[in-house]
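J.: In this text, residue positions in the sequence shown follow my numbering: the first is 81, and each later residue adds one. The structure that follows is given in the form of structure tokens.
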Amino acid sequence: MNTQFSRELAIFAGTVSLPDGVQRAAYLDQACSGDAELRQRVETLLKAHADAGTFLQAPAAPAAGREARFFETATLQTVTEKPGDKIGRYKLRETIGEGGCGVVYVAEQEEPVRRRVALKVIKPGMDSKSVIARFEAERQALAMMDHPNIARVLDAGSTETGRPYFVMELVRGVRITDYCDQNKLSTGQRLDLFILVCNAVQHAHQKGIIHRDLKPSNILVTVNDGVPVPKVIDFGIAKATEGRLTDLTVYTELHQFIGTPAYMSPEQAEMTSLDIDTRSDIYSLGVLLYELLTGRTPFDPKKLMEAGLDEIRRTIREVEPPRPSTRLSTLANGDLTTVAKARGSEAIKLVSLIRGDLDWIVMKALEKDRTRRYDTANGFAMDVKRFLGNEPVAARPPSTTYRFQKLVRRNKLAFAAATAVVCVLVVGIAVSTWQAFRATNAQQAALAAEATEKMQRRVAEAAQAAEKEQRLVAQQKQHEAEAERQRAEASERESQRLLYMANMNLAQ
Numbered sequence: 081m082n083t084q085f086s087r088e089l090a091i092f093a094g095t096v097s098l099p100d101g102v103q104r105a106a107y108l109d110q111a112c113s114g115d116a117e118l119r120q121r122v123e124t125l126l127k128a129h130a131d132a133g134t135f136l137q138a139p140a141a142p143a144a145g146r147e148a149r150f151f152e153t154a155t156l157q158t159v160t161e162k163p164g165d166k167i168g169r170y171k172l173r174e175t176i177g178e179g180g181c182g183v184v185y186v187a188e189q190e191e192p193v194r195r196r197v198a199l200k201v202i203k204p205g206m207d208s209k210s211v212i213a214r215f216e217a218e219r220q221a222l223a224m225m226d227h228p229n230i231a232r233v234l235d236a237g238s239t240e241t242g243r244p245y246f247v248m249e250l251v252r253g254v255r256i257t258d259y260c261d262q263n264k265l266s267t268g269q270r271l272d273l274f275i276l277v278c279n280a281v282q283h284a285h286q287k288g289i290i291h292r293d294l295k296p297s298n299i300l301v302t303v304n305d306g307v308p309v310p311k312v313i314d315f316g317i318a319k320a321t322e323g324r325l326t327d328l329t330v331y332t333e334l335h336q337f338i339g340t341p342a343y344m345s346p347e348q349a350e351m352t353s354l355d356i357d358t359r360s361d362i363y364s365l366g367v368l369l370y371e372l373l374t375g376r377t378p379f380d381p382k383k384l385m386e387a388g389l390d391e392i393r394r395t396i397r398e399v400e401p402p403r404p405s406t407r408l409s410t411l412a413n414g415d416l417t418t419v420a421k422a423r424g425s426e427a428i429k430l431v432s433l434i435r436g437d438l439d440w441i442v443m444k445a446l447e448k449d450r451t452r453r454y455d456t457a458n459g460f461a462m463d464v465k466r467f468l469g470n471e472p473v474a475a476r477p478p479s480t481t482y483r484f485q486k487l488v489r490r491n492k493l494a495f496a497a498a499t500a501v502v503c504v505l506v507v508g509i510a511v512s513t514w515q516a517f518r519a520t521n522a523q524q525a526a527l528a529a530e531a532t533e534k535m536q537r538r539v540a541e542a543a544q545a546a547e548k549e550q551r552l553v554a555q556q557k558q559h560e561a562e563a564e565r566q567r568a569e570a571s572e573r574e575s576q577r578l579l580y581m582a583n584m585n586l587a588q
């Protein structure tokens with residue numbers, strides 16, 4: 081495919097998915113960057129789309145053939161209805177939307193009850209067999225469903241000129257992402273809304289309908305009695321899984337690019353409509369959850385916008401997007417702060433909250449291999465509920481530590497009470513042990529003191545005995561000395577006597 085034309089198609093795809101002219105003009109200003117010729121060619125595509133086509137639904141023929149088909153315009157009648165006109169029993173009030181083959185009005189039902197409704201009618205000149213079959217397919221898709229989060233079909237009929245129309249519940253709401261940001265819903269509140277969306281998609285799948293274009297502009301939030309209620313709308317490119325709609329159920333030809341690139345599954349990017357199943361919607365729900373959490377889609381819309389169609393398809397099919405927490409971490413500080421404030425949180429806390437289970441949940445839904453995604457929208461919703469309930473999520477590889485952490489978080493009060501009891505027991509045991517230790521020490525000290533006293537008494541007694549022994553020895557020595565003295569004195573006296581006797585003898 082010609083690179084220049086691929087870029088034109090990419091810009092066209094990004095522009096046509098926007099809901100109103102103001103947003104489309106701003107988008108074109110940014111995308112074309114002052115290139116007047118490029119903008120003129122894209123506007124020609126948009127005109128052809130508004131006149132006779134739908135979003136990138138050209139067959140995958142050679143590039144020249146595709147280009148010719150996109151630039152081809154039809155000579156069609158202009159819309160004849162205007163506010164104030166009546167279609168059946170419905171009085172038209174205002175135009176609220178216009179697609180490739182139909183116009184949507186706010187209308188007032190006048191009988192049997194008075195109420196505001198949305199009325200969609202085929203444009204004049206667009207009532208070909210294939211378009212009518214497609215229109216009927218959308219009506220039947222909506223009519224088969226009865227769910228509080230899906231816009232209901234109320235009536236159907238044909239105009240006086242034979243153009244079919246159907247009447248739906250009027251949904252006066254805002255895009256789910258805008259509602260969440262405007263009301264600064266927390267991550268938990270956003271997840272609650274997302275679960276309701278999953279329930280609606282599950283209902284559609286159970287009825288055999290694949291939406292194929294789930295994105296914020298197709299999920300509007302209304303407020304009933306102060307409670308936000310998301311409504312899934314626009315089943316214009318829905319597909320039946322079991323041939324329940326019409327003979328032209330698969331009304332998009334093989335090899336067509338169906339959906340909005342930023343929310344498109346890899347199998348949709350393959351442009352093989354026969355290979356689309358309900359898991360394609362699971363992928364789109366994953367992109368929606370990614371955006372609700374981070375304020376960004378997995379792939380940068382600006383880069384997608386600048387790429388050609390082939391590069392868009394390659395990116396969707398082959399490039400792994402960053403985890404939501406990683407995407408937040410790489411934002412500029414100002415952008416991250418803005419995202420966090422829109423969720424009533426702080427930057428660090430928001431990244432910490434998303435990192436872990438929510439990363440795993442989102443990335444499971446965004447698996448390139450659809451067999452690795454959640455099997456059902458209900459399974460997706462249940463995993464989100466597990467996260468909100470602090471239960472182990474199915475998307476995350478199991479581990480004993482992880483499950484125990486979840487058990488603790490899930491039973492905070494019980495674990496807090498148990499922890500308090502354990503703490504009391506530990507303190508009690510510690511006090512008892514300390515008291516026992518002190519008592520033991522006191523007893524041991526008393527025994528030691530008694531032993532010391534006994535020892536001291538024995539030492540004193542031994543000292544007294546030694547002293548007594550010493551006194552006895554001293555007394556004995558004294559007695560011996562006295563006896564020796566007395567013997568010496570006696571010997572001296574005897575010597576003197578003998579000397580006296582000798583002297584006396586000599587004197588005679």
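Glycine included, each C-beta is placed from N, C-alpha and C at the ideal position. Fair warning: this is a prediction, and the values are worked out from it, not measured in the lab.
Name the two residues that bound the continuous alpha helix (DSSP H) containing isoleucine 396.
T.: Here residue 396 corresponds to residue number 316 of the sequence shown, with the count starting at 1. Element bounds for isoleucine 396: 389-398.
J.: For serine 405, which residues from the same chain have a beta carbon less than 7 Å from its beta carbon, with the 5 sequence-adjacent residues on both sides left out?
T.: Start at 1 with the first residue of the sequence shown, and residue 405 comes out as number 325. Hits under 7 Å: Val431, Ile434, Arg435 and Asp439.
J.: Considering only the beta carbon of each residue, do tyrosine 343 and lysine 311 sit closer than 7 Å?
T.: Walking along the sequence shown from the start, residue 343 turns up at place 263. Walking along the sequence shown from the start, residue 311 turns up at place 231. Going by C-beta atoms, tyrosine 343 is not nearer than 7 Å to lysine 311.
J.: Run through DSSP, which three-state label would glutamine 189 get?
T.: As a first step, residue 189 is located in the sequence shown; it is residue number 109 there, counting from the start. Strand at glutamine 189.
J.: Taking a contact to mean a Cβ-Cβ separation below 7 Å, would you say valine 201 touches glutamine 189 in this structure?
T.: For the purposes of this step, residue 201 is identified with residue 121 of the sequence shown, where counting begins at 1. For the purposes of this step, residue 189 is identified with residue 109 of the sequence shown, where counting begins at 1. No, the pair does not count as a contact, with Cβ atoms beyond the cut-off.
J.: Could you please give the first and the last residue of the uninterrupted alpha helix (DSSP H) stretch that includes leucine 172?
T.: Mapped onto the sequence shown, residue 172 falls at position 92. Element bounds for leucine 172: not the alpha helix (DSSP H) but the beta strand (DSSP E), 170-178.
J.: Please list the terminal residues of the continuous beta strand (DSSP E) segment that includes asparagine 304.
T.: As a first step, residue 304 is located in the sequence shown; it is residue number 224 there, counting from the start. From DSSP, the beta strand (DSSP E) with asparagine 304 extends over 299-304.
J.: Name the one or two DSSP bridge partners that serine 238 has.
T.: Start at 1 with the first residue of the sequence shown, and residue 238 comes out as number 158. Answer is Pro244, bridged to serine 238.
J.: Residue range of the alpha helix (DSSP H) that proline 346 falls in?
T.: Here residue 346 refers to the residue found at position 266 when the sequence shown is read from its first residue. Element bounds for proline 346: 346-349.
J.: Which class does glutamate 333 belong to by DSSP, given the choice of helix, strand or coil?
T.: For the purposes of this step, residue 333 is identified with residue 253 of the sequence shown, where counting begins at 1. Residue confidence is low: glutamate 333 scores 40 on pLDDT, short of 50, so the model does not pin down where it sits. Its coordinate-derived value is still stated next. Correct three-state label for glutamate 333: coil.
J.: State the beta-bridge partners of proline 308 as determined by DSSP.
T.: The residue you call residue 308 lines up with position 228 of the sequence shown. Note: proline 308 sits in a beta bridge opposite Val303.
J.: Work out the CA separation of proline 402 and proline 346 for me, nearest whole Å.
T.: If you number the sequence shown from 1, residue 346 lands on position 266. If you number the sequence shown from 1, residue 402 lands on position 322. Cα to Cα, the separation comes out at about 16 Å.
J.: Are the beta-carbon atoms of arginine 359 and arginine 466 separated by less than 7 Å?
T.: The count along the sequence shown starts at 1 and reaches residue 359 at position 279. The count along the sequence shown starts at 1 and reaches residue 466 at position 386. No. Outside cutoff.
J.: Which of the three DSSP states, helix, strand or coil, is assigned to alanine 498?
T.: Within the sequence shown, the letter at position 418 stands for residue 498. Helix at alanine 498.
J.: Can you give me the Cβ contacts of alanine 582 inside the same chain, cut-off strictly under 6 Å, excluding the 5 residues immediately before and after it?
T.: Here residue 582 refers to the residue found at position 502 of the sequence shown. Nothing meets the Cβ criterion.
J.: Taking one C-beta from the stretch 250-259 and one from the stretch 413-422 each time, how about it: are there three or more such pairs within less than 8 Å?
T.: With the cut-off at 8 Å, the stretch 250-259 and the stretch 413-422 do not touch.
J.: Is it buried or exposed, leucine 586, if we count other Cβ atoms within 10 angstroms and call 16 or more buried?
T.: Along the sequence shown, read from residue 1 onward, the residue named residue 586 stands at position 506. Looking at its Cβ environment, which holds fewer than 16 other Cβ atoms inside 10 Å, leucine 586 is exposed.
J.: Do the CB positions of phenylalanine 315 and leucine 222 come within less than 7 Å of each other?
T.: The sequence position of residue 315 within the sequence shown is 235, counting from 1. The sequence position of residue 222 within the sequence shown is 142, counting from 1. Going by C-beta atoms, phenylalanine 315 is nearer than 7 Å to leucine 222.
J.: Bridge partners for lysine 166 per DSSP, in chain order?
T.: Position 86 of the sequence shown, counting from 1, holds the residue named residue 166. In DSSP, lysine 166 forms a bridge with Lys171.
J.: Do the stretch 384-393 and the stretch 359-372 make contact, defined as three or more Cβ pairs closer than 8 Å?
T.: In short, these stretches do not touch, since the Cβ pair count stays below three.
J.: Less than 7 Å between the C-beta atoms of valine 309 and valine 254, yes or no?
T.: Position 229 of the sequence shown holds residue 309. Position 174 of the sequence shown holds residue 254. Not in contact: valine 309 and valine 254 (Cβ atoms no closer than 7 Å).
J.: Roughly how many angstroms lie between the CA atoms of glutamate 147 and arginine 121, to the nearest whole one?
T.: Counting from 1 along the sequence shown, the entry for residue 147 is found at position 67. Counting from 1 along the sequence shown, the entry for residue 121 is found at position 41. The predicted model places glutamate 147 with a pLDDT of 36, which falls under 50 and marks its position as unreliable; any figure quoted below should be read in that light. If I take the Cα positions, the gap works out to 11 Å.
J.: Which whole-angstrom value is the C-beta distance of glutamate 75 and valine 186, which I expect to be below 8 Å?
T.: Given a span of 81 to 588 for the chain in the structure shown, any question on residue 75 remains unanswerable.
J.: Are the stretch 443-463 and the stretch 276-291 touching, with three or more C-beta to C-beta distances below 8 Å?
T.: Short answer: they touch.
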